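Numbering (our numbering), first residue to last: 1 to 102.
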């Protein structure tokens, strides 16, 4: 019992010291880390929104350009589409034959 009573003030002081360290050092560090993480998330979200906006604008411009080309050059557009389809069909046939051989 004597030892226990004499160690109580030491334990109390250690607990107080730990609390002071937490209050003065750890908590501000955690708060700064949380603030930095929040700022990073905010910047990342902004970058994603901007990239998405640019992708939509590019897709819209490609669509307008394609429609204009088809309207201005209908025969060339039809021939280009047919050639593209034929090339894709040839590629599919080639891949199908290579699988059959395996």
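C-beta: ideal position from N, C-alpha, C; glycine also. Keep in mind it's a predicted model, so treat the numbers as computed, not measured.
Check whether residue i and residue j have beta carbons under 8 Å apart
i	j	result
residue 70	residue 77	yes
CB contact below 8 Å: residue i versus chain B
i	result
residue 84	The displayed structure is made up of one protein chain only, and chain B is not part of it.
At what residue ranges does the stretch 42-76 contain a whole run of the alpha helix (DSSP H), taking only runs of 4 or more?
Runs of the alpha helix (DSSP H) lying entirely within the stretch 42-76 and spanning at least 4 residues: none are present.
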